[in-house]
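See structure below.
Number of protein chains: 2
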Amino acid sequence: MRVVVVGGGAAGIGAQGGAKGAAPDAEVILYTEYEDVGYSPCGIPFVHGKEIDKFENLFLQDKKFYEDAGFDIRYTTKVESVDTSKQEIEVAGEGTVKYDRLVLGTGWNYRDPGVPGSDLAGLHYVKNIRRAMEFDKVLDDAKVAVVVDASPIGVEMATAFAHRGLETHFVDPGGWPLSEVGDPEIMEPVEESLRELGVHMHMQTTVKGFLGDGTVNAVATSNGDLPADVVVVATHKTPNTELATAAGIKTGSTGGIIVDDGMATSANGVWAAGDCVEIPHGLTKVPINGLSGSHAYSQGKTAGVNAGGGERAYQAVQVPWGMVAGTWTIGGVSFGETLATALGIPHVVGLADGISKARYYPGWSRIRVKLLVDPQARTLVGGQMVGIEGIKERADFLAMAMRARIPIDDIAWMENVYSPPIGALNEPMALAAQNALGKL
Amino acid sequence: MRVVVVGGGAAGIGAQGGAKGAAPDAEVILYTEYEDVGYSPCGIPFVHGKEIDKFENLFLQDKKFYEDAGFDIRYTTKVESVDTSKQEIEVAGEGTVKYDRLVLGTGWNYRDPGVPGSDLAGLHYVKNIRRAMEFDKVLDDAKVAVVVDASPIGVEMATAFAHRGLETHFVDPGGWPLSEVGDPEIMEPVEESLRELGVHMHMQTTVKGFLGDGTVNAVATSNGDLPADVVVVATHKTPNTELATAAGIKTGSTGGIIVDDGMATSANGVWAAGDCVEIPHGLTKVPINGLSGSHAYSQGKTAGVNAGGGERAYQAVQVPWGMVAGTWTIGGVSFGETLATALGIPHVVGLADGISKARYYPGWSRIRVKLLVDPQARTLVGGQMVGIEGIKERADFLAMAMRARIPIDDIAWMENVYSPPIGALNEPMALAAQNALGKL
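Those protein sequence lines, which keep their order, are chains A and B.
Its first residue numbered 44, the first sequence is counted upward by one per residue in my numbering.
Its first residue numbered 44, the second sequence is counted upward by one per residue in my numbering.
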């Protein structure tokens, strides 16, 4: 049996491992357009920001590791088309290749900014590590940077440029950073901290075009032109389904490939995983996509296992998330109020400010927790947090509480660790839940 | 209506607040033997260790706060006896005082070390803040300290003395610190770090007596005498039930006062809360006591609300815990393997070493997670962890997972935040759960 995997990101690598595990005797071939696999693109902003010494650190495995593990990886090799009825693909330089099972992990693209000048040289998109290495050298001589769109990657890059000492301009049409998903109570401290780091915040500002003679040297906005030595475009992620749609594989309302809970597509013998697919949200069952590398890896694993003849289901997601933003860490699960309101999901808000250690213990930090509670079911709809310590762990807690439909009363009166250097008498999530209970 | 509360610790303060809340018109009188209420005794070791500047910081509220809130607190006033049939107490200096409802929050005592010399002056027991202030002055001139018993307070005090630069000797009969509750895989790094901090570890060593002419100047052990300028006795906590037992109120197998889920004792009109009571363990229903200040406060609140005519139940406990120990933070929930084995609870162990951030992100730390899983129910029996970051939050997660009987499979394949500066691709608790699944 031959399993072909298209894409060398987290989904593709997960799929190759899953297929090999389920069918050790199968021939598993992975095609990637790029020069590398087995690195963490999520680390790129932190090399630019100098928190991480060098790009080489982002490689988790070298090529020899995959060779030794018996993985057949074809680098810088583009798959040009798929024929699902003949079960074959066209590969640049290889010609027609037959497959028994196919897994698509074709990832995502940045949404086209759709303004004049989008084809100028010098516009940088954070994605591939080799381009990042080249870009980092450009940064050494740059003085002024513009970051377009306060998406998660945009926020990480603006923070990184501030750390690096660049004059940084941050442009976004929303009222605050991450306004499409983040609530103002959570994002206000982030915006303030970005200003404190020296970032020039141009919120409620639309990009009208990119200016330059061949190479970009300014960004035209609704509030005037911003000259720039470097421009990062951090528009939203859209699923890369070029191969799939050309092959007649069905996509859904988000533009992502439709898959069942085994990650199988509408085409016989074809699975898909990662940012190119859409999956149901755990609470609403609404299809969503563009999640994290760990989601992609886990979906890839599921797709690979099933392509290899095994049987594994991928559960609907609650989407715990977290990131460093300015001098804060933010995170949450599922929906904030902005999205819940947009989706018409009934909810009551519980808001509380707590602290990370005993108030008398030096080094404590504030943690603001906002929980959304279904007033009928009295369970979580979602939550968002801003703080310094323990945000990732609390987001994981809330994701488990959502999945298990823990009553909000049980969160309000949860047992928590109290020890001065590591935890306050009152857990901030419990305080927010108590606040919500007061309104129910 | 008059509600009398005996004890000014977390349980008593919680009870007074609970009673006032449930019955705003009631007269609520709190008696305490001590000079103060409203401070955090849990912070004392960290003032000795110089992490916290001064003892005054441990006061959360001053006396005026309680006066302004209409709380009648009688300081340095000892309640000498209780007559539950007449509903009255004898108060030193006040005589007989009638009550309608009584709440006992009489706390705990250190277990008598039961060796010769236990009555020598200079033996220090960590408890009262005024004694701690005096002791801290003694520490300024001390060179050599002995800490007796590697209990939680003992570990905190040994760590504090090391931070303060004292030659510190730590004596305990067990094979490793906290051996009665902590498993060796968790406590070995702690023991090693205490050594690195310069603490002389005398494990498997029994105290034979305290030596000195009126004032202690050495500790006699099974491995020879240890001269000492200061000696801290950190034997285990035992419930202080003197008043209750003299009044015929029933105590249980741990020596603590027996209470129902509303914190009512066997005597009509009498409630009890905090370290003087025993409460059921969430999994085994075995009675336990000697928990944290947050447990005491919450129990006190429940007792006070019910004494005030309200209705509140206190849930069985899963006991998440956490503390700084040497250079590590340790924590867990419910039982470790040592206790589970002693209690004959069937279990499978899942053990894993994970990390707190992406491995390429500077400043990551190791997190070892050990989970105990019921092989039939496939749910948690308990867990223990050692690490630096996120221990308290993970212990809270595990406590919620135990209470909600989350299947171990759901922990193994939990969704977790992945972002390089705050969380690794693989959550350490999930890795430990996967390890356990492999054995099931």
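Glycine included, each C-beta is placed from N, C-alpha and C at the ideal position.
Bridge-paired residues (DSSP) for I431 of chain A: Here residue 431 of chain A refers to the residue found at position 388 of the first sequence. BP columns for I431 of chain A are empty, so no partner.
Checking 8 Å against the spacing of the C-beta atoms, do P220 of chain B and V198 of chain B come in under that value? Taking the first residue of the second sequence as position 1, residue 220 of chain B is located at position 177. Taking the first residue of the second sequence as position 1, residue 198 of chain B is located at position 155. Yes, these two residues count as a Cβ contact at 8 Å.
Would you call the CB atoms of A473 of chain A and V424 of chain A closer than 8 Å? Position 430 of the first sequence, counted from the start, is the residue given in the question as residue 473 of chain A. Position 381 of the first sequence, counted from the start, is the residue given in the question as residue 424 of chain A. By the CB criterion at 8 Å, A473 of chain A and V424 of chain A fall outside the cutoff.
Relative to the C-alpha of K107 of chain A, which candidate in A:M44, A:V376, A:G81 has its C-alpha closest? As a working mapping, residue 107 of chain A is identified with position 64 in the first sequence. Out of A:M44, A:V376, A:G81, A:G81 has the C-alpha closest to the C-alpha of K107 of chain A.
What number of angstroms, rounded off, separates the C-alpha of N100 of chain A from the C-alpha of Y403 of chain B? Position 57 of the first sequence, counted from the first residue, corresponds to residue 100 of chain A. Position 360 of the second sequence, counted from the first residue, corresponds to residue 403 of chain B. Using only the alpha carbons, I get a separation of about 6 Å.
Pick helix, strand or coil for G379 of chain A, following the three-state DSSP scheme. In the first sequence, the residue the question calls residue 379 of chain A occupies position 336. Of the three classes helix, strand and coil, the one that applies to G379 of chain A here is coil, per DSSP.
Chain A beta carbons: is any one of them nearer than 8 Å to that of I398 of chain B? Against the second sequence, residue 398 of chain B aligns to sequence position 355. No, its Cβ sits nowhere closer than 8 Å to a Cβ of chain A.
Using CA coordinates, which residue listed in B:T119, B:Y118, B:L147 is at the minimum distance from I132 of chain B? Position 89 of the second sequence, counted from the first residue, corresponds to residue 132 of chain B. Cα-wise, what sits closest to I132 of chain B is B:L147.
Are the CB atoms of E432 of chain A and S462 of chain A nearer to each other than 8 Å? Here residue 432 of chain A is taken as the residue at index 389 of the first sequence, counted from 1. Here residue 462 of chain A is taken as the residue at index 419 of the first sequence, counted from 1. Between E432 of chain A and S462 of chain A, the C-beta gap is not smaller than 8 Å, which leaves the two residues out of contact.
List, in order along the chain, the chain A residues whose C-beta lies closer than 9 Å to that of A442 of chain B? Residue numbering aside, residue 442 of chain B sits at position 399 when the second sequence is read from its first letter. The contacting residues are M457, E458, N459, V460.
At least one CB of chain B closer than 8 Å to the CB of G374 of chain A: is that the case? As a position in the first sequence, residue 374 of chain A is number 331, starting the count at 1. Yes, contact with chain B.
Against C85 of chain A, what residues of chain B qualify as contacts under a CB-to-CB distance less than 8 Å, listed in chain order? Working through the first sequence from its first residue, we reach residue 85 of chain A at position 42. Neighbours of C85 of chain A on chain B, chain order: A401, Y461, S462, P463.
So which of B:T294, B:A66, B:A271, B:P418 has the shortest CA-CA distance to T281 of chain B? Residue 281 of chain B sits at position 238 when you count from the first residue of the second sequence. Selected option, being the one with the closest Cα: B:T294.
For A455 of chain B and E458 of chain A, what's the separation of their Cα atoms in angstroms? Start at 1 with the first residue of the second sequence, and residue 455 of chain B comes out as number 412. Start at 1 with the first residue of the first sequence, and residue 458 of chain A comes out as number 415. A455 of chain B and E458 of chain A: Cα-Cα distance of roughly 22 Å.
From the DSSP output, in three-state form, read off P84 of chain B for me. Here residue 84 of chain B refers to the residue found at position 41 when the second sequence is read from its first residue. Helix at P84 of chain B.
What first and last residue would you give for the beta strand (DSSP E) that runs through A368 of chain B? Sequence index remark: in the second sequence, residue 368 of chain B carries index 325 (1-based). Element bounds for A368 of chain B: 363-368.
Please compile the residues from chain B whose C-beta is within a distance smaller than 7 Å of the C-beta of L101 of chain A. Within the first sequence, numbered from 1, the residue matching residue 101 of chain A stands at position 58. Ordered by position in chain B, the residues that pass the 7 Å Cβ test against L101 of chain A are Y403.
Using a Cβ cut-off of 8 Å (strictly closer), state whether M366 of chain A contacts chain B. Position 323 of the first sequence holds residue 366 of chain A. Yes, contact with chain B.
Go ahead and pull the three-state DSSP assignment for R117 of chain B. Along the second sequence, one-based indexing puts residue 117 of chain B at 74. Looking at R117 of chain B - three-state DSSP - the assignment turns out to be strand.
Name, going along the chain, the residues of the stretch 406-429 of chain A whose beta-carbon falls closer than 7 Å to a beta-carbon of chain B. none
Closest to Q130 of chain A by C-alpha separation, out of A:G150, A:P156, A:V48, would be which residue? Here residue 130 of chain A corresponds to residue number 87 of the first sequence, with the count starting at 1. Answer by Cα proximity: A:V48.
If you measure from the CB of H338 of chain A, is any heavy atom of the ligand NAP nearer than 7 Å? In the structure shown, the ligand NAP is absent, as is every other ligand, since no ligand is present at all.
Does K251 of chain A come out as helix, strand or coil in the three-state DSSP assignment? Here the question's residue 251 of chain A lines up with position 208 in the first sequence. Here K251 of chain A sits in strand by DSSP.
Fully enclosed by the stretch 223-272 of chain B, which alpha helix (DSSP H) runs are 4 residues long or longer? If only uninterrupted alpha helix (DSSP H) runs of at least 4 residues are considered, those enclosed by the stretch 223-272 of chain B are 227-239.
Using only CA atoms, which one of B:G52, B:A58, B:V46 lies nearest to Y357 of chain B? Counted from its first residue, the second sequence places residue 357 of chain B at position 314. Residue B:A58 is the option with its Cα nearest to Y357 of chain B.
Within 8 Å, do at least three Cβ pairs link the stretch 331-349 of chain A to the stretch 161-168 of chain A? no
Taking the continuous alpha helix (DSSP H) assigned at R144 of chain B, which residues delimit it? Mapped onto the second sequence, residue 144 of chain B falls at position 101. It is not in any alpha helix (DSSP H) - R144 of chain B instead sits in the beta strand (DSSP E) that spans 144-147.
Who pairs with V320 of chain A in a beta bridge, going by DSSP? Taking the first sequence and counting its residues from 1, the one referred to as residue 320 of chain A is at position 277. For V320 of chain A, which the question treats as bridged, DSSP gives the partners A:I300.
Provide the residue span of the beta strand (DSSP E) that contains K280 of chain A, from first to last. In the first sequence, counting from the first residue as 1, residue 280 of chain A sits at position 237. Unbroken beta strand (DSSP E) run through K280 of chain A: 280-282.
Measuring only between beta-carbons, confirm whether S25 of chain B sits less than 8 Å from chain A. Outside the modelled stretch of chain B, which goes from 44 to 483, sits residue 25 of chain B, for which no answer is possible.
Identify each residue in the stretch 63-93 of chain B for which the Cβ-Cβ distance to at least one residue of chain A is less than 7 Å, and report them in chain order. S83, C85, G86, F89
Assuming R437 of chain A and M428 of chain A make a contact with CB atoms under 8 Å, what is their CB distance in whole Å? The residue labelled residue 437 of chain A in the question sits at position 394 within the first sequence. The residue labelled residue 428 of chain A in the question sits at position 385 within the first sequence. So it is a contact: roughly 6 Å between Cβ atoms.
Look up D126 of chain A in the DSSP assignment and say whether it is helix, strand or coil. As a position in the first sequence, residue 126 of chain A is number 83, starting the count at 1. If DSSP states are grouped into helix, strand and coil, D126 of chain A belongs with the strands.
E470 of chain B versus chain A: which residues are under 8 Å apart at the beta carbon? In the second sequence, residue 470 of chain B corresponds to position 427, counting from 1. Here the neighbours are D439.
Completely contained alpha helix (DSSP H) runs for the stretch 184-210 of chain B, where each covers 4 or more residues: 195-207
What residue does the alpha helix (DSSP H) around A58 of chain A start on, and which one ends it? In the first sequence, residue 58 of chain A corresponds to position 15, counting from 1. A58 of chain A -> alpha helix (DSSP H) spans 53-65.
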